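Undergrad:
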Amino acid sequence: VVDRQDDRIRIAVSSLSVNAALGMRHIPSFGLAGAVITYAGTRVAELGLAVFYLRRATTNGLPWAPMMRLFAAGIIATAAAWLVTSVVPGRYGFVAGAVVFVAIYAPASVLVRYWNDDDYRLLAMIANRLGPPGRAFMRALDGLHRSRAGMPPDGRR
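Residue numbers (the working numbering): 15 to 171.
(1) With a CB to CB cut of under 6 Å and the five nearest residues on each side skipped, what residues in its chain are close to Asp-168?
(2) Please classify Ala-91 as buried or exposed, where buried requires at least 16 other C-beta atoms within 10 Å of its C-beta.
(3) Quick one: what's got a C-beta closer than 8 Å to Ala-59's C-beta in the same chain, skipping five residues either side?
(4) Closest to Arg-18 by CA distance: which of Phe-66, Thr-56, Gly-55 is it?
(5) Tell me which same chain residues have a C-beta within less than 6 Å of the C-beta of His-40, skipping the five on either side of it?
(6) Which value, in whole angstroms, describes the spacing of the CA atoms of Tyr-119 and Gly-88?
(7) Judging by CA-CA distance, which residue of Gly-62, Ala-34, Leu-84 is the nearest neighbour of Asn-130?
(8) Hey, how far is the Cα of Met-139 from the Cα of Pro-42?
(9) Let me know if Phe-44 comes out buried or exposed under the rule of 16 or more other beta-carbons within 10 Å of its beta-carbon.
Right, here's the structure in full:
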């Protein structure tokens, strides 16, 4: 696992600057659409910076095939969430959309074999900090992870 805190800080500060600049430019003129444009632009800038710093920190290059599988899972989850948000009435329809997104994206990221064992251990550590909901979430993902890795449910080979 590459852990370069200084690069993360550079990415965060740069992303904040991009967000502020795009927000001041687009939100007053376009309102909510400007906010969406600002968010998208910030995420693209953040991605570009992350790729730059990752390439600088690693010698093996980026795992493009797994990243593309994860991207496809994200597109599918986003499309489903967008559909649910447009169908659910009321101003809290986005909550249903968010639940659908997480319910599709998290298991799909395991099913497309994006996470390696180190990533999975880190995810489990973070989920444990969330208490019972995080542990329940990890139990569900753990079943998928073990089935994809060809491991029996008890974790022993």
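Glycine is no exception: its CB is placed at the ideal position from the N, C-alpha and C atoms.
Predicted model only: the values in this text are computed from it and were never measured.
TA: In terms of the structure at hand:
(1) Against the sequence shown, residue 168 aligns to sequence position 154. Its pLDDT being 49, under 50, Asp-168 is placed unreliably in this model, and the coordinates cannot settle the point.
(2) In the sequence shown, the residue the question calls residue 91 occupies position 77. Answer is buried; the Cβ neighbour count reaches 16.
(3) Residue 59 sits at position 45 when you count from the first residue of the sequence shown. These residues qualify, in order along the chain: Ser-28, Ser-29, Val-32.
(4) Looking up residue 18 in the sequence shown gives position 4. Ranking the options by Cα distance to Arg-18, first place goes to Phe-66.
(5) Here residue 40 refers to the residue found at position 26 of the sequence shown. Once the five neighbours on either side are set aside, the close Cβ partners of His-40 are Gly-48, Ile-51, Thr-52.
(6) Against the sequence shown, residue 119 aligns to sequence position 105. Against the sequence shown, residue 88 aligns to sequence position 74. When rounded, the distance between both Cα atoms is 6 Å.
(7) Position 116 of the sequence shown, counted from the start, is the residue given in the question as residue 130. Closest option to Asn-130, judged by alpha-carbon separation, among Gly-62, Ala-34, Leu-84: Leu-84.
(8) Residue mapping note: residue 139 aligns to position 125 of the sequence shown, counting from 1. Residue mapping note: residue 42 aligns to position 28 of the sequence shown, counting from 1. Going from the Cα of Met-139 to the Cα of Pro-42 covers about 41 Å.
(9) Here residue 44 corresponds to residue number 30 of the sequence shown, with the count starting at 1. Result: exposed.
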